[in-house]
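Asker:
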Amino acid sequence: MTLDFGTTLGGAWFPAPIFTASGCASSGKELAQFFPLREIGAVVTKSIMVKARAGRPTPRMAETPSGMLNSIGLQGPGIDAFLIEDIPWLASQGARIIVSIAGETADEFATLARKLRGISGISAIEVNISCPNVENRGLVFACEPTSASEVIKSVRGIVGGELPILAKLTPDVTNIVTIAKAVIDAGADGIAMINTVLGMVINTETMLPHLGGKTGGLSGPAIKPIAIRAIYQVKEALPEVSILGMGGVASGKDAFEMILAGASGVSIGTASFGDPSAVYRIQNELREILTSKGFKSLREAVGYAHRSRGTD
Amino acid sequence: MPINKNASQILATLISNRRIGVYHQLIFEIGDLVRFVRPGNFIAISVGGDSSRMILRRAFAISRTNDRGTIELIVSPMGSGSRWLCSQSEGSRIDVVTPLGTGFGIPSEATTALLVGGGYGSAPLFGLAEVLKTRGSRVIMALGASTAAKIYAPIEGKRAATLLKIYTEDGSAGESGRVTDSLPNLIEEHDARVIYSCGPMAMLEAVSQIAAEKDIAHQCAVEESMACGIGICMTCVIPFKTSSGEIKNLRSCIDGPVMDGELVQWHLVGKQI
């Protein structure tokens, strides 16, 4: 009996449920040296902005127990160079592509959406409204339902029904379900969660914040329970909405746990830093776990932890 | 620039682990991959074992290779990752990704090269010195550290250098003072045509200034904390003037670690560009 490993996110179908996480795979070229990109669900590209951006000063990272802080600040080439250089290359590899976009205003998101509309080979857009590495916390749209839905509405208005939209959410909010409902009402087809958690490390030698940008985003196994909780809560409140889950997944077992919580797909981020073949390895491990547990399809396992106890 | 096209992830066997002064000399068997290793390349090593709370690889410069498929690293057991590595017993199999990064450019004609090393940053210069010597170049080596125990200068390595000068800040070995203080004289005296350097960033910056004043080429191996070593995390960036004249944050794991010292924007390291 072969396992049906395919999955659907916001209406887009993927032959496998493991993805890269935006900002943890650059534009895919580097990881292609370690595994074939076409064999994973999709490459989720680093969040791209309208203009080229240098990002924050170094030091940009600090390792923490079972995790790390990063403070990149969305360094990237800008959408035009990205569309010329990166998209055709990924397409030539046979990779499915989810383009992650980030802007400082709802208008910038609309501009990005306009540039992406009509580009062939893109499976979905991830709207990153939750990058913690910005100067003004007020710009973290996903901290507040009104600003979050404003961005999603403007992107939806531009792309129409052409491309599925996934809204990327932060767990740094009082009630993530409120934000999830707001972005779905505004037209998002699915949710990508969670972004990194805002944190800080103080260097005890210099006695100053260690990172150039002072604060950074915490990722890695340390945040996995936060991700599992957030995904479980959103799946419980919005059972029909598909979720691309991420946050500290480092093994097939971790990915399985996230799927049980309600994720239809799982993105691998920080684990790729420690193991360049992590995405591929985790996908293979997950396939084995699902098979050994007797699941006939990935779909059956999505949200399986939500059944009441003793109903097996 | 793409990732070093020869890089692979393998399980390498630690075949020797020896303490040398304050450092450890680690020899890894990496098989056929050794053919692709160039002076200046580095290795990213998974540390701590399966249950470790350390999730990131540690990057180390490769100091030398030999044709029996082994590479040598000189490691200072300062942090928890390097201490774990230095405590591994011979025969351990360790997950590594190598060779990574750019290598030192070797002049096509024989010349006089000045190699400047700070602390254990001198290690990769010995492998470079051997290559330069094989190609007929004269190698002047100037090594500095705060104190004698932190000078890394193995006897077999010294043979590759035409002249080896040592400087310690406390005067406990060689001449007293900073290695950079002596460079203008060494350049003049030996008519050096190219400088290679490896060591702390402050030293590299000082060497760059001297190279600019003397108008000679300078290749340096930079150091910036990195999470992945393969170009995907964007943490290890160095401000650099590109061929178009633009200043960009380049990844030291892919566009480096060996970079043109004249084009590194030292005054912008750690600054918003």
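Those sequence lines, one after another, are chains H and Z.
Under the numbering used here, the first residue of the first sequence is numbered 1, with each subsequent residue one higher.
Under the numbering used here, the first residue of the second sequence is numbered 1001, with each subsequent residue one higher.
All C-beta atoms, glycine included, are put in the ideal place defined by N, C-alpha and C.
#1: Using a Cβ cut-off of 9 Å, pull out every chain H residue sitting near residue 1054 of chain Z, in sequence order please.
#2: Assuming residue 1060 of chain Z contacts residue 1036 of chain Z (C-beta within less than 8 Å), just tell me the rounded distance between them.
#3: Should residue 220 of chain H be flagged as near chain Z, meaning a C-beta pair shorter than 7 Å?
#4: Can you give me the C-alpha to C-alpha distance between residue 5 of chain H and residue 1101 of chain Z, rounded to a whole angstrom?
#5: Going by Cα to Cα distance, which pick from Z:1066, Z:1045 and Z:1169 is closest to residue 1056 of chain Z?
#6: What do you get for residue 207 of chain H, buried or exposed, if any count of 16 or more other CB atoms within 10 angstroms of its CB means buried?
#7: Consult DSSP for residue 1031 of chain Z and reduce its assignment to one of helix, strand or coil.
#8: Do the segment 73 to 85 of chain H and the segment 1061 to 1069 of chain Z meet, that is, are 3 or more Cβ pairs less than 8 Å apart?
#9: Between residue 1003 of chain Z and chain H, is there a C-beta pair that is closer than 7 Å?
#10: Helix, strand or coil: which one does DSSP assign to residue 1065 of chain Z?
#11: Taking only runs that begin and end inside the segment 52 to 102 of chain H, name each unbroken alpha helix (DSSP H) of 4 or more residues, in chain order.
#12: Can you check whether the C-beta of residue 54 of chain H is within less than 7 Å of a C-beta belonging to chain Z?
#13: When you compare the CB of residue 87 of chain H with every CB in chain Z, is at least one pair closer than 7 Å?
#14: Can you check whether the CB of residue 264 of chain H is closer than 7 Å to the CB of residue 401 of chain H?
#15: Mind checking which residues open and close the beta strand (DSSP E) that includes residue 258 of chain H?
#16: Can you give me the start and stop residues for the alpha helix (DSSP H) that residue 233 of chain H sits inside?
#17: Counting C-beta neighbours from all protein chains within 10 Å, is the total for residue 86 of chain H 16 or more, i.e. buried, or is it exposed?
#18: From H:171, H:183, H:279 and H:40, pick the residue whose C-alpha is nearest to that of residue 154 of chain H; which is it?
#19: Show which residues of chain H have a CB atom less than 7 Å away from the CB atom of residue 1270 of chain Z.
#20: Grouping DSSP H, G and I as helix and E and B as strand, with all else coil, what is residue 1203 of chain Z?
#21: For chain Z, check one thing: does any of its Cβ atoms lie closer than 7 Å to the Cβ of residue 283 of chain H?
#22: Quick one: which chain H residues come within Cβ less than 9 Å of residue 1096 of chain Z?
#23: Taking a contact to mean a Cβ-Cβ separation below 7 Å, would you say residue 1003 of chain Z touches residue 1230 of chain Z in this structure?
#24: Among Z:1086, Z:1075, Z:1260 and Z:1244, whose alpha-carbon lies nearest the alpha-carbon of residue 1122 of chain Z?
#25: Only counting the same chain, and skipping five residues up and downstream in sequence, which positions put a Cβ closer than 7 Å to that of residue 1172 of chain Z?
#26: Please check if any C-beta of chain H sits within less than 7 Å of the C-beta of residue 1102 of chain Z.
#27: Could you give the DSSP three-state label for residue 275 of chain H: helix, strand or coil?
#28: Cβ of residue 102 of chain H within 7 Å of Cβ of residue 61 of chain H?
#29: Going by the CB atoms, is the gap between residue 172 of chain H and residue 198 of chain H shorter than 7 Å?
#30: So that I know if they touch, is there some Cβ in chain Z lying closer than 7 Å to that of residue 21 of chain H?
#31: For the beta strand (DSSP E) that residue 1073 of chain Z lies in, which residues bound it at each end?
Answerer: Quick answer:
#1: As a first step, residue 1054 of chain Z is located in the second sequence; it is residue number 54 there, counting from the start. Chain H residues near residue 1054 of chain Z: 63, 65, 66 and 274.
#2: Sequence index remark: in the second sequence, residue 1060 of chain Z carries index 60 (1-based). Sequence index remark: in the second sequence, residue 1036 of chain Z carries index 36 (1-based). Residue 1060 of chain Z to residue 1036 of chain Z, Cβ: 17 Å. No contact.
#3: As a working note, residue 220 of chain H is residue 220 in the first sequence. Output row for residue 220 of chain H: interface = yes.
#4: Numbered from 1 along the first sequence, position 5 holds the residue referred to as residue 5 of chain H. Numbered from 1 along the second sequence, position 101 holds the residue referred to as residue 1101 of chain Z. Their Cα atoms are separated by approximately 37 Å.
#5: Here residue 1056 of chain Z corresponds to residue number 56 of the second sequence, with the count starting at 1. Measuring from the Cα of residue 1056 of chain Z, the nearest candidate turns out to be Z:1045.
#6: Stepping through the first sequence from its first residue, residue 207 of chain H is reached at position 207. Exposed is the call here.
#7: Here the question's residue 1031 of chain Z lines up with position 31 in the second sequence. Helix at residue 1031 of chain Z.
#8: no
#9: Here residue 1003 of chain Z corresponds to residue number 3 of the second sequence, with the count starting at 1. With 7 Å as the cut-off, residue 1003 of chain Z counts as an interface residue toward chain H.
#10: In the second sequence, the residue the question calls residue 1065 of chain Z occupies position 65. Residue 1065 of chain Z falls in the strand class under three-state DSSP.
#11: 79 to 92
#12: Position 54 of the first sequence, counted from the first residue, corresponds to residue 54 of chain H. Cβ-Cβ to chain Z under 7 Å: yes for residue 54 of chain H.
#13: Taking the first sequence and counting its residues from 1, the one referred to as residue 87 of chain H is at position 87. It does not: the Cβ of residue 87 of chain H has no partner Cβ on chain Z nearer than 7 Å.
#14: Because chain H spans 1 through 312 in this model, residue 401 of chain H falls outside it and cannot be assessed.
#15: Position 258 of the first sequence holds residue 258 of chain H. Counting along the chain, residue 258 of chain H falls outside any beta strand (DSSP E), though it belongs to the alpha helix (DSSP H) covering 252 to 261.
#16: Taking the first residue of the first sequence as 1, we reach residue 233 of chain H at position 233. Unbroken alpha helix (DSSP H) run through residue 233 of chain H: 224 to 237.
#17: As a first step, residue 86 of chain H is located in the first sequence; it is residue number 86 there, counting from the start. Classification for residue 86 of chain H: buried.
#18: The residue given as residue 154 of chain H occupies position 154 in the first sequence. Here the closest residue by C-alpha is H:183.
#19: Taking the second sequence and counting its residues from 1, one reaches residue 1270 of chain Z at position 270. Chain H residues near residue 1270 of chain Z: 57, 58 and 212.
#20: As a first step, residue 1203 of chain Z is located in the second sequence; it is residue number 203 there, counting from the start. Three-state DSSP puts residue 1203 of chain Z in a helix.
#21: Taking the first residue of the first sequence as position 1, residue 283 of chain H is located at position 283. By this cut-off, residue 283 of chain H is not an interface position.
#22: Numbered from its first residue, the second sequence carries residue 1096 of chain Z at position 96. Correct list: empty, because the minimum Cβ distance to chain H is about 11 Å.
#23: If you number the second sequence from 1, residue 1003 of chain Z lands on position 3. If you number the second sequence from 1, residue 1230 of chain Z lands on position 230. Yes.
#24: Counting from one through the second sequence, the residue named residue 1122 of chain Z turns up at place 122. The option with the nearest alpha carbon to residue 1122 of chain Z is Z:1075.
#25: Here the question's residue 1172 of chain Z lines up with position 172 in the second sequence. These residues qualify, in order along the chain: 1147 and 1148.
#26: Within the second sequence, residue 1102 of chain Z is the residue found at index 102, counting from 1. So, not an interface residue.
#27: By one-based count along the first sequence, residue 275 of chain H stands at place 275. Correct three-state label for residue 275 of chain H: coil.
#28: The sequence position of residue 102 of chain H within the first sequence is 102, counting from 1. The sequence position of residue 61 of chain H within the first sequence is 61, counting from 1. No.
#29: Locating residue 198 of chain H in the first sequence gives position 198, where the first residue counts as 1. Locating residue 172 of chain H in the first sequence gives position 172, where the first residue counts as 1. A contact, by the Cβ cut-off of 7 Å.
#30: Here residue 21 of chain H refers to the residue found at position 21 of the first sequence. No, no contact with chain Z.
#31: For the purposes of this step, residue 1073 of chain Z is taken as the residue at position 73 of the second sequence. Looking at the DSSP string, the run of the beta strand (DSSP E) that includes residue 1073 of chain Z is 1070 to 1075.
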